[in-house]
Structure formats: structure tokens, C-alpha cells
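Just so you know, the protein sequences line up as chains A, B and C, in that order. Quick note: the first sequence uses the numbering used here, first residue 1, plus one each step. Quick note: the second sequence uses the numbering used here, first residue 486, plus one each step. Quick note: the third sequence uses the numbering used here, first residue 624, plus one each step. All C-beta atoms in this analysis are idealised placements derived from N, C-alpha and C, irrespective of residue type, glycine included.
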Amino acid sequence: MTESKISIDPITRLEGHGKIEIFLDDDGKPEDAVLQVPELRGFEKFSQGRKAEEMPRITERICGVCPEAHHFASTKALDGAFSATPPQTALDLRELLYNSYIFADHLLHLFYLGGPDFLVEDGKKAERNIVGVINSLGEETGKKVINARRLGHEAIEIIGGHQIHPVTGVPGGLSQGITSDEKEQLISIGESVVDFARETLDLFREKVINTEKFGSLLDNPEYSLNTYYMGLVDSQENVSFYDGDLKIVDPGGEEFLKTSTSKAMELLEERVEPWTYVKFPYLKEVGWKDFRAGENSGVFRVGPLARLNVAEKMKTGLAQEEYERYVNHFDGTPVHQTYAYHWARLIEMVQAAERINELASKEGITGNNLRSPVKEPGEGVGVIEAARGTLIHGYSLDGEGLVESSNMIVPTTSNSAALSMSIKRAALDSLEDGMSDEQVLNQVEMGFRPYDPCLACATHSVDGGLDIGLNVYNSEGELIKEIER
Amino acid sequence: MEFEPKLIGFLCKWCSSAGADLAGVSRKSYPPNLVPITVNCSGRIDVSQIVKAFKDGADGVLVSGCHPGDCHYTSGNYKTWRRVALLKHVLDDFGLDPDRVRLEWISATEGEKFAQTVEDFTAEIKELGPGPFRDVKK
Amino acid sequence: MSKNKKKIGAYWASSCGGCDVALLGLHERILELLDFAEIAFWPAATDFKYDDLKGYGNNELDVTFFNGGIRTTENAEIAELLREKSKLLVAYGSCAHQGGIPGLANMSGKNELFDTVYKEIPTTNNPDGIIPQESIKKDGLTLNLPGLQERVRSLDRVVDVDYTVPGCPPPPELTEDFLELLINGELPEKGSVIAGSKTVCEECSREWNKESIDAFHRPQEVDIDPDKCLLDQGIICMGPVTRSGCDSSCPEVNMPCKGCFGPPSKVEDQGMEMLNSLASVLQVGEEGQALEQEKELLSNLPDPIGTFYTFSLSNSIFGGKVSEGGEND
Ligand code: SF4
Ligand code: SF4
Ligand code: SF4
Ligand code: FES
């Protein structure tokens, strides 16, 4: 990348929360494309000086789409910082809430956000939302989808106190447990979501996975990036969302390292670019080699695709069956195809549903030993698998239990280098093919949807459909085309 | 030009306000910087009024009530005490020097003490310089 | 059919997106909503362009739900544009209502924010000290980012607001209440906050004796009695100075209220009101002795701003950090 000259020339104008700039060369051929993220809220700064126990409720306001992930990454960091291992009941309840979140969030993506690209036949823009999905799948299915999502949120509320922004995570445990009535409710939720998961598998096999449209995207080598992958695995090398060891595989699929999560911060560095508010994390040991994939570049990916690449199997039966079909389709892991994120997400949604069911009926779940005593405050790192990938919170506390410094590395940020590359690929291809504006935008959007980017985490946006704007410049630097949605 | 502090004084009607009157009647000389506001009891002072006084450009705020045990409403002044202590704690955190708020007990007979308090407080605030919102017109 | 439909807009400024998710949280109700209203602008859930918005006439949108605080120049511009295009502008959620948690950033200036995020955080590898710029030349071309304003502001500090639906995020029932009032033409007077009219304490099922407190405790330090008022147990709970409407949902799960609904009517500054309130329950002792107790009490009350202004710093009287001898708003 060339040297940056900085000119202070504040320009204010209307634009969205994410913007892509494309540069053409002398021949009018696309030369470069960058994704800009135009917002910053600065949680690391204003966490300083706060009481440690407030962090789970402060940091979840980073993102209203995955507050549960921030809430518990934060709570886990506090467990560490106060050397307080929660009692088993608290751990089970946290995991139960957590799987409900993964279930509901993956469902949201599959049916409301990314899925409509495939579920709505020749998706017209205006139809590519939940309403369009209901129109095309029928009202009965639509109601089931809405109901299943509601059930996920109900489970979250039972354990977390709120549907959005739960509050019960405290250092060393949970502030409150569940009653036997609530247990019954959770068991019935568990049964319903497993049924829903089974039906969803059939539906997606028929409407998406086995279709030519999706198949051709899935297998197109253009949409493949051979990066490193990072994610949690449990002691049996299963995909695990709430807890586990942190594992990284290289682009060849070999284990690059596996470590306790307390070391997470030491593995990464983040690069700053002057043209976007988002930072670009990379593997420290490999180093930053520009926006590039491959063995020698520290760029890595997180999220469903990554988790299925680092683990050896799924934790539950139905999910494992589908996982085997997935692995067969690709002749084994690692899978580098970016569109495989969608399929991996489906498999994970099934595992989450099955875990809700298992945990709800687990013995001792109504126990009231919910908190372990805290010890002297110190440093703590909390790692959890958010729906979109590995989320890391690291705090250092002073003797009074106030936050001295904090660092949060969020999945969309971790994916931001790869995301930029995927977007660039899609933008350059579609422009070269001389597509219409609308098609170019669709293409670009489809390029980033697999990641389900949550710019609320990095910054903003609920649907992974950031308010996208696309500017095209000629080699003279003149703006020749402005596409907005 | 020398900085002339703008001070607001919240004085309870039963003791301190009377004390201030006495200081006036007996022609005790004290600086003219303080704008007195009479309240029923120091316990009625809402801390946000004090904060607003600063926001409106005050450089210092004096809160004055009856001596402990003498409050017309029994314990209003104890409550004031707590409020001011808490307020100073918060002001410090906001970045405003807590010494800009002063709490005094002045009875109806203490004209002298009132004059002295205003003189001392004025001098102290002169030392501290203009308050943070001094020249902002709101 | 669509002629009589209300046109609804929704927008998020500097927010976490939770308020948008809360709107989706209406579940089936969202379908009913579509019977009487059409969504004319909602970037999070539908595909509308800013150009569409600019093309609308003044007041063409019947009601716009605005969530998120005003952090960037872009947030401010869109707030103004939406004000112009909307008959009713609703501050939706704590961020728009009172700045919300991101408003805590007002305890530092924007440069301090930049320094922490881009330079001081240990994982950041930034030897050249690069900070994102509002305008920068890259390969000879200019790239622009919206600028950060010095402070986060609540929506009403930027434009005129008609109604507020509070909460972080607002519970679905409140949103439904608002929509029902709207459909039936029964909205209360302009400026109203659509929630309860009492305090959280008045809805809380805990036994509240207004006991005097001789020490503050932090939740992890003590065993919390699930039936007794938290404040009575020395745990700071913002219930007494927070508007009702959430069914005291935090104290119900053994956690103190943090004040996300903002203060009840007539209270301007939630944090200051809490000081007034606390002063009444602190133990009052003899003069000399009290002073000592007072010091001890306060030493156990760290981070008062983070404690009393978790959600409302931005529209408190001071609005954020003040600096002696410096420039203040
Ligand atoms: S009010 Fe709460 S839920 Fe809504 S945007 Fe702000 S932080 Fe998110
Ligand atoms: S202070 Fe908190 S716990 Fe006590 S009654 Fe009020 S809301 Fe309930
Ligand atoms: S109890 Fe307080 S913090 Fe919790 S939801 Fe209600 S108003 Fe908000
Ligand atoms: S009447 Fe003077 S302080 Fe209460």
C-alpha cells in the first residue's frame, strides 16, 4: 500500500454505516476496493475506572445483536480476574442461555437476513426479508420460524432476566437460578427447538444446499480464501460455543496451536488503517502481510466456517449427521469456501438446539448454589464463541476491583481483513462483468453476507446488510459512479 | 482586571438568612460577591440546584443552615450534610474542584460569622479562579 | 389500501442495534403492524436508500423511531433530516433518550478515545501512530469518514423530539402501547415519555423498609437476600430515581437497577436525584462521629459517575466531564 498523506479537511455528507470505495486503473479496470467503517464508540476508553462487576452490563451495549456473547465473555473475564470458578449449576445455566442465543441468532441469519438471498425465489430486493420468506415458504412455515425465534428469546429471558441485554452474569456465577416451573418451560422449549431444527435441515437441504444456485456459489473457486482459522473446541475436539480451548489451524488444516483461553490476547495484534475506524487483527506469530490469504499472512477467519474447520466433530447427534454430509461434500476440512459459512451456520444451529434440550433436563439445573466467592481482583481474559466468531474480552483490575484497562477483540473485527478481501473480489468481478448497478450491489452484498458481519460490534448494523454505499473512481481520482442502497 | 468571583448562597430562612440580615443591619462589611437565595430549610436544597448554579456560571456555591441540633425541621441540616458530602464526591469525579462548594452552620445571631464566611470564601474562590462554566452564556 | 396506511420510519444512529432488534422483537405483531402501516424507511430491515428519504416531502413520514445517540457528524445530519421528514419523531431507547451507555464516553475527549483505541491497547501494533482521519488520500484519491463530535448527545439536544419510549432497549409491551395509542389517535401531550409514571421501586416486589445504611456493598462481596430491598442491604440500586415501566425486571433477578428508563417526570438530573435520595437513607450520627463515618462510607463508593449516571450522563446537567479552566459546553 502506498504512503498515506493526511490532509485534515472535514467533509460532512450523508452516508451509511459502511462504505466501499473502488478504484479503477488507467484502462478503467477495477484496481482496488476498500471497505470503510465509519463509526467508533470507544468502549475500551470509557470502561476505564468502572467497577468490574458492571462490565457485563456495560460491554453488552457494544452490540444488541449478540449482547449475550459480550455479557458472558465479560463475566468469564471477571471469573478469571476474581479467581472464582462458578458452581456447576451456574455454568450449566450460562451454557443453556448461551445456546439459546446461538440458536436464535443463527435462526435470525438463516431466515431473516442472509437466508432470503436463497429462500426467496429470484429474490427481488423488496422481497428479500422475512416477509418475502413467509410469502415464498408459506405462512405456516413462517409462523414456525417466528415462534422458534421467540422460544429462543424466552429461554434467554428466563435465565438472563431480559430478552435483549441479559443481566444475571456476575463474577463467579449467576445472580439468580431457575425454579422447577421454569425448568419445565425450558424442557418444552428444548423439545420444540429440536423439532424445528430437524425441519429446518430438510427445508434447507431442499431449498438451498442442493440447489444449483447455491451449489455453484459453494463450489466456485473464486469465492474461496485459504486463511488461518480460529475457534474454541471442547476436550473432545467438538465444536463448542460457551467454553473450551482456543485452537488455530493453518490454511492446510494442520493444527497451528492450541492453548488455554487465558493466553488469547497474546496471540493477536491489530493493524490500524487511516481510512476506517475498524482495526485489522492478525496472528502475531505470522505477522501482517497486507490484505492477503495464505500460509505467510496472519489474516485469519472466525465464525461457523472457522469453528467447523478447527474442530473434529459436532457435540450432538443430528448436528453430527449433517456435519458428515458437509465434510463429504468438500472432501474433508478445512473448507475455504466462503459460502460454506451458511451451511456451517445451519449445522451449528442444530447443535445449539440439541444442547438446549440436553441442558434443560440436566440434573441439578434448579440448584441454588449459584455463586462462588470472589478473591483478590487481578487480570482476566474471557473467550467465548459468539455467533459470528471468537470474542475476546481482557481486563486488568486494580486492588479495588476497578477496571484499569480493557481490550475487546470482536469477531467482525477479526474477520474484517478477510471481509475486505471478499468484498473486493465480488466488487471487482461484478464490475468487470459489466453488470448493472443493482447487480453489482447484490453481488457485493452476497460477498459479505456469509460472514454475517455485525458492524454494531465493529460499529453497527443489524442485518448484515450494512447501509451500503459504493463509490467508483477513475484513475484521475474523479468519482464516476455512486451506488447507494 | 481582577477576577471577581460570582458566588451563590443557599441560606435557610430560620438561621442563616437571618444571620445574613443581621450582618447587613449591623453594617458588617463583607464582599458583595454573594447572591443570596433563601430556602425554607437547608434540607430542602436539591443538589441539582447547586450543579445548575455552576452550569449557569457560578464560581462557588455556599450552602448554609442552622447548627446541628437546631434545625427548625429537626434533621434537615444533617441531610444537607450528607448531600453535600456526596455531591463533593461526585463533583470531584466530574472534574470540578469540590472546594467550590462550602457548607457552613450559621445561626441567626452570627452576623459576624456570616460576614467572615463570605470574605473567606470569596478569597478562596479568587485563588481557585473562574468556575468552569463562567463565560458560557446559556 | 396503502393510501390510508401510516408511513413508518426507523433509524439507528450511534447505537448497539439492540433497539432495532427490539422492534423485530414484536414477533407476530410486526405482521399486524403491516396492516395499518408501511415501513417507508428502515435501513436495518428493509432496502431503502438515503435518496428515497431525501426525496420525501416534509412531514411525509407519520412517525419515525430514532434509536442511538448522536456521536458523529453524520448522526446529527440524519437526525435533522428525519426531523424534517417526520410528523412525529420518537426518541426510542435509552441512547436516543439520554445518551445511554455510550454516553459514558463523555468523560473523555475524542482524542483520548482515539489514543486509547488506536495507540494504547496492547494488541494494537501501530508504530507510526496512525489515527483514522476524516479525510485521507489513498493512492492519490481522497477517502472520507464522518467526523466524531466531541461529545455524545441525546436526540433532544440536537432536534425537537415529540415522544420518548425509554429503556435499553424498550420492552416490546411499551412499543405496542405506543403503537396502539398512535393507531387510536390517543397519544398524550407532546413531550410525554411512554412508560410508567412511578418509580421502579414502586413496582418492585422486594420488601423496602427505607432502612438506614451504614455501609455500601458491592454485589459480589455479600450474600444478597432475594426478598429484601437491595438498597436496604447497602447495594446501590437506582430504583428510587428511575421511571417505572419495566416491571422492575433487574431487581426481580437479584440485580440492582441501573436506571435505563431515565428519571421520572420533573427530575432533570437522575444522578443528582440519586444523591438526594441516598442522603436520606444514610445513617445520621453525632456531628463529630458522623464525619468519620461519612469518609468511610464515601471511600466505599468508587466511580460515582459510572454508578449514578450509567445511562444518563449525556443529558445530565453537566453532560460529561467538566474541566477547570478549560472549554466546557
Ligand atoms: S438503548 Fe440500549 S439497546 Fe438501544 S441502542 Fe442504546 S444500548 Fe442499544
Ligand atoms: S431500591 Fe431497588 S431493590 Fe429497593 S425497592 Fe427500589 S427497586 Fe427494589
Ligand atoms: S430495573 Fe432499571 S436498569 Fe433494569 S430494566 Fe428496569 S429501569 Fe432498566
Ligand atoms: S431550618 Fe435551618 S437547616 Fe433546617
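At a Cβ-Cβ threshold of 8 angstroms, E683 of chain C and K630 of chain C count as neighbours. A distance below 7 angstroms between beta-carbons, with the five flanking residues on each side excluded, links M314 of chain A to the following residues of its chain, in chain order: N238, V239, Q320, Y323, I347 and Q351. Cβ-Cβ separation between F196 of chain A and A311 of chain A: approximately 24 angstroms, too far for a contact (criterion under 8 angstroms). For the region 77–149 of chain A, not one full-length beta strand (DSSP E) segment reaches 3 residues or more.
At least one beta carbon of chain B lies nearer than 8 angstroms to the beta carbon of M895 of chain C. Here D544 of chain B is actually not in contact with G494 of chain B; their C-beta atoms are around 12 angstroms apart, not less than 8 angstroms.
In this structure, K881 of chain C has its beta carbon less than 7 angstroms from a heavy atom of ligand 3. Nearest CB-CB separation between K279 of chain A and chain C: below the 8 angstroms threshold.
Within the region 664–749 of chain C, complete alpha helix (DSSP H) segments of at least 4 residues are found at 673–678, 696–708, 717–721 and 733–737, given in chain order. Excluding its 5 nearest sequence neighbours in each direction, K491 of chain B has C-beta neighbours in its own chain below 7 angstroms: N518, G542, A543 and D544, listed in chain order. When the Cα atoms are used, K375 of chain A and A52 of chain A turn out to be separated by approximately 13 angstroms. Counting along the chain, L496 of chain B sits inside the beta strand (DSSP E) bounded by residues L492 to C497.
Across the region 389–411 of chain A, CB contacts with chain C closer than 8 angstroms involve E400, G401, L402, S405, N407 and I409, in sequence order along the chain.
Here P925 of chain C is near E400 of chain A, since their CB atoms are less than 8 angstroms apart. Taking the CA atoms as reference points, W665 of chain C sits about 44 angstroms from A84 of chain A. For L588 of chain B, the closest Cβ of chain C is not nearer than 8 angstroms. The C-beta of Q176 of chain A comes closer than 8 angstroms to at least one C-beta of chain C. Annotation note: the region 551–619 of chain B contains the following uninterrupted alpha helix (DSSP H) runs of length 4 or greater, listed N- to C-terminal: 561–579 and 596–613. Around the Cβ of A645 of chain C, a 10 Å sphere holds 16 or more other Cβ atoms; the residue is buried. For D195 of chain A, the enclosing alpha helix (DSSP H) begins and ends at S180 to F204. G160 of chain A and Y101 of chain A have their C-alpha atoms roughly 11 angstroms apart. In this model, N135 of chain A and Y112 of chain A are separated by some 13 angstroms (Cα to Cα).
A check of alpha carbon separations from I662 of chain C across C:E697, C:A699, C:L921 and C:S709 identifies C:S709 as the nearest. Distance from the CA atom of R829 of chain C to the CA atom of K851 of chain C, rounded to whole angstroms, is 5 angstroms.
Per DSSP, the beta bridge partners of W635 of chain C are C:N690.
Among the CB atoms of chain B, none fall inside 8 angstroms of the CB of D779 of chain C.
Proximity annotation: ligand 4 has residues B:C497, B:W499, B:C500, B:C526, B:S527, B:G528, B:G550, B:C551, B:C556, B:H557, B:Y558, B:G561 and B:N562 in chain order, each selected because its CB is closer than 6 angstroms to a heavy atom of the ligand.
Here L419 of chain A carries a helix assignment [DSSP, helix/strand/coil]. Following the DSSP letters along the chain, one finds M897 of chain C inside the alpha helix (DSSP H) bounded by residues Q893 to V904. R512 of chain B sits in coil when the DSSP states are folded into three classes, being neither helix nor strand. In the DSSP assignment, V781 of chain C falls outside any alpha helix (DSSP H), carrying neither H nor E. Using a Cβ-Cβ cut-off of 7 angstroms, I156 of chain A is close to nothing in chain C; its nearest Cβ partner there is about 11 angstroms away. For T695 of chain C, same chain residues with a beta-carbon under 7 angstroms away, outside a window of 5 residues either side, are S637, P769, G770, L771 and Q772 in chain order. Here R61 of chain A is actually not in contact with A104 of chain A; their C-beta atoms are around 19 angstroms apart, not less than 8 angstroms.
Using beta-carbon distances, P274 of chain A counts as an interface residue toward chain C, with a partner under 8 angstroms. Leaving aside the five residues that flank V546 of chain B on each side, the residues in its chain whose CB is nearer than 6 angstroms to its CB run, in chain order, I493, I535, A538 and V586.
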